[in-house]
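A.B. asks: So in this note's numbering, spot 176 of the sequence shown is number 158, and the numbers just go up one at a time.
One structure, as structure tokens, below. Some questions next.
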Amino acid sequence: MKPRYKKLLHVGAILLLAFSLPLHAAVAHQDHPYHFGFKKSRNGQLPSINEEGFKSIVDRHGAVFLGDTSKKELYLTFDNGYENGYTPAILDTLKAKKVPAIFFVTGHYVKDQPELLKRMTREGHLIGNHSWSHPDMTTISNEKIKEELTRVSEAVAQVTGQANMRYLRPPRGIFSDRTLAVSKELGYTNVFWSIAYKDWDTKVQRGARYAFDSVMSQLHPGAVILLHAVSKDNADALGSIIDEARKRGYEFRSLDQLPQMQAGTPQALPKNESQAPLKP
-17 MKPRYKKLLH
-7 VGAILLLAFS
3 LPLHAAVAHQ
13 DHPYHFGFKK
23 SRNGQLPSIN
33 EEGFKSIVDR
43 HGAVFLGDTS
53 KKELYLTFDN
63 GYENGYTPAI
73 LDTLKAKKVP
83 AIFFVTGHYV
93 KDQPELLKRM
103 TREGHLIGNH
113 SWSHPDMTTI
123 SNEKIKEELT
133 RVSEAVAQVT
143 GQANMRYLRP
153 PRGIFSDRTL
163 AVSKELGYTN
173 VFWSIAYKDW
183 DTKVQRGARY
193 AFDSVMSQLH
203 PGAVILLHAV
213 SKDNADALGS
223 IIDEARKRGY
233 EFRSLDQLPQ
243 MQAGTPQALP
253 KNESQAPLKP
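As structure tokens, then:
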């Protein structure tokens, strides 16, 4: 090959690389995984995601972690990856206290606990999507995400008759710009949380009082409370949590009563979330 052709090929390769780098960088940025976290509420102050590095992404895709922070309303949510024997007691308490909740379920749960799913819907609770196999969705393709979510929604509909599944909790709280965009296109509102504690480890249960204190110490207006139904502590403390929250003037609402859901379109986080961050 003549020198001038070699030179042309070399220049062409450099140009191709230069033009492709921004695209690769954009794709990589879109797929950057985030683990949901937040600055916890203390003494009634609002929690914050201002310092986590993903607020703009959560905002842009209409995901929620707070309700209306101007009102003393609470949203009770449970993650049900598998059944550990405590969901019937949780449902008993919710029924006795007349409190709505949402249960985010996996494919395993749908196959293993159809009667509990029927009871949830019969007693007025929502069932949300927690994916079929609980993968890190940032590591799978768009088509696989669709398959994971569709299998759950169709299976739940077949068992319970629940026609629409509007809410998604990403497995393990891991998400990216891409996964939020894909799930939003499928009609889901991603639901994170503003109150949580380490309750999922069934080998480290510390008693109902610990669960009660962990939740109540973080209580704030518009809170989305995450509890794992596998926890005995949660099942034992739930009635006391509800009673004490009501004593403090709080009301429990369904996710369908979120202002952004009643408006018909998921919207950004409430403005006062960014205006009232926690003090250092």
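Where a beta carbon is used, it is the ideal one built from N, C-alpha and C, also for glycine.
If you're wondering where the values come from, they're calculated on a predicted model, not measured in any experiment.
In whole angstroms, what is the alpha-carbon distance linking Asn146 and Ala83?
C.D. replies: Along the sequence shown, read from residue 1 onward, the residue named residue 146 stands at position 164. Along the sequence shown, read from residue 1 onward, the residue named residue 83 stands at position 101. About 16 Å.
A.B. asks: If you follow the beta strand (DSSP E) that Glu233 is part of, which residue opens it and which one closes it?
C.D. replies: Residue mapping note: residue 233 aligns to position 251 of the sequence shown, counting from 1. Run containing Glu233: Glu233 to Arg235, per the beta strand (DSSP E) assignment.
A.B. asks: Measuring straight from C-alpha to C-alpha, what distance separates Asp183 and Gly221?
C.D. replies: Taking the first residue of the sequence shown as position 1, residue 183 is located at position 201. Taking the first residue of the sequence shown as position 1, residue 221 is located at position 239. Cα to Cα, Asp183 sits roughly 21 Å from Gly221.
A.B. asks: Between which two residues does the alpha helix (DSSP H) containing Leu48 stretch?
C.D. replies: Here residue 48 corresponds to residue number 66 of the sequence shown, with the count starting at 1. No alpha helix (DSSP H) holds Leu48; DSSP gives it neither H nor E.
A.B. asks: Would you report the Cα separation of Phe18 and Asn62, rounded to the nearest angstrom?
C.D. replies: Here residue 18 refers to the residue found at position 36 when the sequence shown is read from its first residue. Here residue 62 refers to the residue found at position 80 when the sequence shown is read from its first residue. Approximately 18 Å between the Cα atoms of the pair.
A.B. asks: Taking 6 Å as the limit between beta carbons, can you name the residues of its chain near Trp114, skipping five residues before and five after?
C.D. replies: Stepping through the sequence shown from its first residue, residue 114 is reached at position 132. Apart from the 5 residues on each side of it in sequence, Trp114 sits with its Cβ closer than 6 Å to the Cβ of Gly89, Glu130, Arg133 and Val134 in its chain, given in chain order.
A.B. asks: Tell me whether the beta-carbon of Pro153 lies closer than 8 Å to the beta-carbon of Asn172.
C.D. replies: Translated into the one-based positions of the sequence shown, residue 153 becomes position 171. Translated into the one-based positions of the sequence shown, residue 172 becomes position 190. For Pro153 and Asn172, no; Cβs fall outside 8 Å.
A.B. asks: Can you check which of these residues, His202, Phe194, Val81 and Gln242, is closest to Ser52 by C-alpha distance?
C.D. replies: As a first step, residue 52 must be located in the sequence shown, where it is residue number 70. The shortest Cα separation from Ser52 among His202, Phe194, Val81 and Gln242 belongs to His202.
A.B. asks: Taking DSSP as the reference, what is the three-state secondary structure of Met243?
C.D. replies: Here residue 243 corresponds to residue number 261 of the sequence shown, with the count starting at 1. In the structure shown, Met243 sits in a helix (DSSP, three-state: H, G or I).
A.B. asks: Which residue wins for smallest C-alpha separation from Tyr232, given the options Ser165, Lys54 and Arg191?
C.D. replies: Indexing the sequence shown from 1 puts residue 232 at position 250. Nearest option by C-alpha distance: Lys54.
A.B. asks: Do Ile31 and Lys37 count as a contact pair if the criterion is CB distance below 8 Å?
C.D. replies: Working through the sequence shown from its first residue, we reach residue 37 at position 55. Working through the sequence shown from its first residue, we reach residue 31 at position 49. Their beta carbons are under 8 Å apart, which means Lys37 touches Ile31 by this criterion.
A.B. asks: For Thr103, which residues of its own chain have a beta-carbon under 8 Å away from its beta-carbon, when the five flanking residues on both sides are left out?
C.D. replies: Indexing the sequence shown from 1 puts residue 103 at position 121. Cβ neighbours of Thr103 beyond the five flanking positions: Ile109, Thr142, Gly143 and Gln144.
A.B. asks: Under the rule that 16 or more other beta-carbon atoms within 10 Å means buried, what is Asn25, buried or exposed?
C.D. replies: Locating residue 25 in the sequence shown gives position 43, counting from the first residue. By the neighbour-count criterion, in which a residue is buried when 16 or more other Cβ atoms sit within 10 angstroms of its Cβ, Asn25 is exposed.
A.B. asks: With the cut-off set at 8 Å, would you say Ile39 and Asp159 are in Cβ contact?
C.D. replies: The residue labelled residue 39 in the question sits at position 57 within the sequence shown. The residue labelled residue 159 in the question sits at position 177 within the sequence shown. Yes. Within cutoff.
A.B. asks: Is the beta carbon of Ser176 closer than 8 Å to that of Val197?
C.D. replies: In the sequence shown, residue 197 corresponds to position 215, counting from 1. In the sequence shown, residue 176 corresponds to position 194, counting from 1. No; because the gap between Cβ atoms is not below 8 Å, this pair is not in contact.
A.B. asks: Count the other C-beta atoms from every protein chain shown that fall within 10 angstroms of the C-beta of Ala211, then say buried if there are 16 or more, exposed otherwise.
C.D. replies: Counting from 1 along the sequence shown, the entry for residue 211 is found at position 229. Per the 10 Å Cβ criterion, buried.
A.B. asks: If you reduce the DSSP assignment to three classes, tell me which class Pro4 lands in.
C.D. replies: Reading the sequence shown from its first residue, position 22 is the one you call residue 4. The pLDDT assigned to Pro4 is 47, lower than 50, so where the model puts this residue is not dependable; a value taken from the coordinates is nonetheless given after this. Of the three classes helix, strand and coil, the one that applies to Pro4 here is helix, per DSSP.
A.B. asks: Would the beta-carbon of Leu168 fall within 8 Å of that of Val138?
C.D. replies: Position 186 of the sequence shown, counted from the start, is the residue given in the question as residue 168. Position 156 of the sequence shown, counted from the start, is the residue given in the question as residue 138. No, Cβ-Cβ distance for Leu168 and Val138 is not below 8 Å.
A.B. asks: Could you tell me the alpha carbon to alpha carbon distance between His116 and Arg228, rounded to whole angstroms?
C.D. replies: Counted from its first residue, the sequence shown places residue 116 at position 134. Counted from its first residue, the sequence shown places residue 228 at position 246. So the two alpha carbons sit approximately 34 Å from each other.
A.B. asks: Taking the Cβ atom as the reference point for each residue, do Asn263 and Phe86 lie within a distance shorter than 8 Å?
C.D. replies: Because the chain here runs from -17 to 262, residue 263 falls outside it and cannot be looked at.
A.B. asks: Short check: CB of Ser48 to CB of Arg235, under 8 Å?
C.D. replies: If you number the sequence shown from 1, residue 48 lands on position 66. If you number the sequence shown from 1, residue 235 lands on position 253. Looking at the sequence shown, residue 48 is not Ser but Leu. No. Outside cutoff.
A.B. asks: Taking the alpha-carbon of His107 as reference, which of Thr75, Arg191 and Lys93 has the nearest alpha-carbon?
C.D. replies: Your numbering for residue 107 matches position 125 in the sequence shown. If we check each option's Cα against that of His107, Thr75 comes out closest.
A.B. asks: Check His17 in the structure and name its three-state DSSP category.
C.D. replies: Working through the sequence shown from its first residue, we reach residue 17 at position 35. The answer is strand: DSSP assigns His17 an E or B state.
A.B. asks: Is Asn216 helix, strand or coil when you go by DSSP?
C.D. replies: Within the sequence shown, the letter at position 234 stands for residue 216. Three-state result, Asn216: helix.
A.B. asks: Can you have a look at Asp13 and say buried or exposed, based on whether 16 or more other CB atoms are within 10 angstroms of its CB?
C.D. replies: What you label residue 13 is simply residue 31 of the sequence shown in a count that begins at 1. By the 10 Å Cβ count, Asp13 comes out exposed.
A.B. asks: Taking the alpha-carbon positions, what's the Asp41 to Tyr16 distance?
C.D. replies: By one-based count along the sequence shown, residue 41 stands at place 59. By one-based count along the sequence shown, residue 16 stands at place 34. About 14 Å.
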